[in-house]
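Student: Questions regarding the structure given below will be posed in turn.
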Amino acid sequence: MCIPYLYNVFNSGDIKEYRKAIRDIPDCSSGDEAIFSFLENIFRGTYRLHTSNVDLKHGESTFNSLLLYPFIEAVADFVSENMAWSKAGFRNGEAPLVSMHKQLENTELYQNDNYNYFAYGIIKLYGLKKIEVLLLETSGSFGNTDKSKISYDHHKGLFGALVMLKNIADEFPLAKKTVYLWSMRFEPKGPIFELWLEDMMVIKPDIEDKLESLPSFLKFFWGMKCLLTESTQNFAQLKKEHYECMIKNMFNGVTTLTLFLRRLTHLF
1230 MCIPYLYNVF NSGDIKEYRK AIRDIPDCSS GDEAIFSFLE NIFRGTYRLH TSNVDLKHGE
1290 STFNSLLLYP FIEAVADFVS ENMAWSKAGF RNGEAPLVSM HKQLENTELY QNDNYNYFAY
1350 GIIKLYGLKK IEVLLLETSG SFGNTDKSKI SYDHHKGLFG ALVMLKNIAD EFPLAKKTVY
1410 LWSMRFEPKG PIFELWLEDM MVIKPDIEDK LESLPSFLKF FWGMKCLLTE STQNFAQLKK
1470 EHYECMIKNM FNGVTTLTLF LRRLTHLF
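Under this note's numbering, think of the first position of the sequence shown as 1230, with each following residue one higher.
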């Protein structure tokens, strides 16, 4: 059912046809509403990009507002609509990474809130312990080629992702060890964690390139939506296993810490 809708948007002629095609959502079953809502939000973002008169090279905020925020928000909205219990939400613009704050508080490194980690955007699952599951780092304005800036933000994002993973493990220490975070890869021979490049997208902001760029935008953020949906389901499973273990041992006098240490010793 999506194919005719996509075809009309991809092959729309002028700006008016482009806008009309985006709005022309076909009648669909309740099970497909979230999909069409996601597609419409993605195309609204590309329409805004293609019709904007702002120079994309005018700083990180312009890059984020036109090329990233609308699409990541569409991903969060899909997860929230498809799995209402997750209450997924996207916070943009200098968002503090609470996971980093929690981890630093437990070490001698913590001094005050002036040393917080700030990301350009974070997706949280407000219905699941408010865990943070996606962060955004932007390396300068559109077209930036400063390798030192790119390298710094790349490593900053790596540490941010690791600390989110650690915080999730702290929230559900009694869950089984068979659920993985797919955006990072653990290499046991290191042992190290490394960022895993799931996908990449070459941005072509000119409307003349619409026929080529629209499928790229859709593919990239569709993949992000699928990965985040899968991760959210896995986090719910972690919570379920954690609580099942707590209930099972509720009356035997064993503490959560003891249970966690038992599981830890079985791993080595």
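All residues carry an ideal CB built from backbone N, CA and C; glycine is no exception. Everything numeric in this text was worked out from a predicted model, so none of it was measured.
Along the alpha helix (DSSP H) that carries Leu1467, what are the first and last residues, could you check?
Tutor: Indexing the sequence shown from 1 puts residue 1467 at position 238. Start and end: 1439-1477.
Student: With a cut-off of 8 Å on the beta carbons, I'd call Thr1367 and Glu1289 a contact; round off their distance for me.
Tutor: Taking the sequence shown and counting its residues from 1, one reaches residue 1367 at position 138. Taking the sequence shown and counting its residues from 1, one reaches residue 1289 at position 60. Thr1367 to Glu1289, Cβ: 5 Å. Contact.
Student: Secondary structure at Asn1396, three-state DSSP: helix, strand or coil?
Tutor: The residue labelled residue 1396 in the question sits at position 167 within the sequence shown. Of the three classes helix, strand and coil, the one that applies to Asn1396 here is helix, per DSSP.
Student: What whole-angstrom Cβ distance do Phe1272 and Leu1440 have, given they're in contact under 8 Å?
Tutor: For the purposes of this step, residue 1272 is identified with residue 43 of the sequence shown, where counting begins at 1. For the purposes of this step, residue 1440 is identified with residue 211 of the sequence shown, where counting begins at 1. Not quite, the Cβ-Cβ distance comes to about 13 Å (not below 8 Å), so this is no contact.
Student: Using only the alpha-carbon positions, how far apart do His1495 and Cys1474 sit?
Tutor: The count along the sequence shown starts at 1 and reaches residue 1495 at position 266. The count along the sequence shown starts at 1 and reaches residue 1474 at position 245. Bear in mind that a pLDDT of 41 at His1495, under 50, signals an unreliable position, so the model cannot answer this.
Student: Would you give the residue range spanned by the alpha helix (DSSP H) that Glu1323 belongs to?
Tutor: For the purposes of this step, residue 1323 is taken as residue 94 along the sequence shown, with counting starting at 1. Not the alpha helix (DSSP H): Glu1323 falls in the beta strand (DSSP E), residues 1317-1325.
Student: What span of residues does the alpha helix (DSSP H) with Ala1263 cover, start to end?
Tutor: Against the sequence shown, residue 1263 aligns to sequence position 34. Note, Ala1263: alpha helix (DSSP H), 1262-1280.
Student: How would you label Ser1442, buried or exposed, when you count the other beta carbons within 10 angstroms and need 16 or more for buried?
Tutor: The sequence position of residue 1442 within the sequence shown is 213, counting from 1. By the 10 Å Cβ count, Ser1442 comes out buried.
Student: How far does the alpha helix (DSSP H) with Ala1305 in it reach, from first residue to last?
Tutor: Indexing the sequence shown from 1 puts residue 1305 at position 76. Its alpha helix (DSSP H) spans residues 1298-1311.
Student: Drop a sphere of 10 angstroms on the beta-carbon of Lys1477, count the other beta-carbons inside from all chains shown, and report buried for 16 or more, exposed for fewer.
Tutor: Here residue 1477 refers to the residue found at position 248 of the sequence shown. The residue in question, Lys1477, is exposed, as its Cβ has fewer than 16 Cβ neighbours within 10 Å.
Student: Could you give the residue range of the alpha helix (DSSP H) that holds Val1362?
Tutor: Taking the sequence shown and counting its residues from 1, the one referred to as residue 1362 is at position 133. Where Val1362 is concerned, there is no enclosing alpha helix (DSSP H), although the beta strand (DSSP E) it sits in stretches over 1360-1365.
Student: Starting from the Cα of Asn1345, find the closest Cα among Ile1352, Leu1333, Gly1356 and give me that residue.
Tutor: As a working mapping, residue 1345 is identified with position 116 in the sequence shown. Ranking the options by Cα distance to Asn1345, first place goes to Leu1333.
Student: Quick check on this structure: which residue in Lys1249, Ala1465, Tyr1234, Asn1270 has the alpha carbon closest to the alpha carbon of Pro1255?
Tutor: The residue labelled residue 1255 in the question sits at position 26 within the sequence shown. Closest by alpha carbon: Tyr1234.
Student: Please state whether DSSP places Lys1353 in a helix, a strand or coil.
Tutor: Here the question's residue 1353 lines up with position 124 in the sequence shown. It is a strand residue.
Student: Comparing alpha-carbon positions, which option in Leu1394, Ala1465, Val1283 lies nearest Leu1296?
Tutor: Position 67 of the sequence shown, counting from 1, holds the residue named residue 1296. The shortest C-alpha separation from Leu1296 is found at Val1283.
Student: Can you tell me the Cβ-Cβ gap for Pro1434 and Leu1285, rounded? I've got them flagged as a contact below 8 Å.
Tutor: Here residue 1434 corresponds to residue number 205 of the sequence shown, with the count starting at 1. Here residue 1285 corresponds to residue number 56 of the sequence shown, with the count starting at 1. With a Cβ gap of about 6 Å, Pro1434 and Leu1285 count as contacting.
Student: For Phe1388, name the three-state secondary structure that DSSP assigns.
Tutor: Stepping through the sequence shown from its first residue, residue 1388 is reached at position 159. Helix, per DSSP.
Student: For Lys1378, which residues from the same chain have a beta carbon less than 6 Å from its beta carbon, with the 5 sequence-adjacent residues on both sides left out?
Tutor: Here residue 1378 refers to the residue found at position 149 when the sequence shown is read from its first residue. Ser1368, Gly1369.
Student: Run through the DSSP bridge pairs and tell me what Ala1348 is partnered with.
Tutor: Within the sequence shown, the letter at position 119 stands for residue 1348. Beta-bridge pairing links Ala1348 to Ala1324.
Student: Measure the alpha-carbon distance for Lys1331 versus Lys1395 and round it to whole angstroms.
Tutor: The count along the sequence shown starts at 1 and reaches residue 1331 at position 102. The count along the sequence shown starts at 1 and reaches residue 1395 at position 166. Looking at the two C-alpha atoms, the distance is approximately 10 Å.
Student: Do Gly1356 and Ala1324 count as a contact pair if the criterion is CB distance below 8 Å?
Tutor: Here residue 1324 is taken as the residue at index 95 of the sequence shown, counted from 1. Here residue 1356 is taken as the residue at index 127 of the sequence shown, counted from 1. No. Outside cutoff.
Student: Sorted by chain position, which residues of the same chain lie with C-beta nearer than 7 Å to Ala1348's C-beta, five sequence neighbours on each side aside?
Tutor: Along the sequence shown, one-based indexing puts residue 1348 at 119. Excluding sequence neighbours, Ala1348 sits near Ala1324, Leu1326, Leu1364, Leu1365, Glu1366, Gly1389.
Student: Just verifying my parser: in three-state terms, what is the DSSP assignment at Met1429?
Tutor: For the purposes of this step, residue 1429 is identified with residue 200 of the sequence shown, where counting begins at 1. Residue state, collapsed to three classes: coil.
Student: Between which two residues does the alpha helix (DSSP H) carrying Cys1257 extend?
Tutor: As a position in the sequence shown, residue 1257 is number 28, starting the count at 1. Run containing Cys1257: none; DSSP gives neither H nor E here.
Student: How would you label Tyr1298, buried or exposed, when you count the other beta carbons within 10 angstroms and need 16 or more for buried?
Tutor: In the sequence shown, the residue the question calls residue 1298 occupies position 69. Buried: at least 16 other Cβ atoms inside 10 Å.
Student: Please report the residue range of the alpha helix (DSSP H) in which Phe1239 lies.
Tutor: If you number the sequence shown from 1, residue 1239 lands on position 10. First-last of the alpha helix (DSSP H) with Phe1239: 1231-1239.
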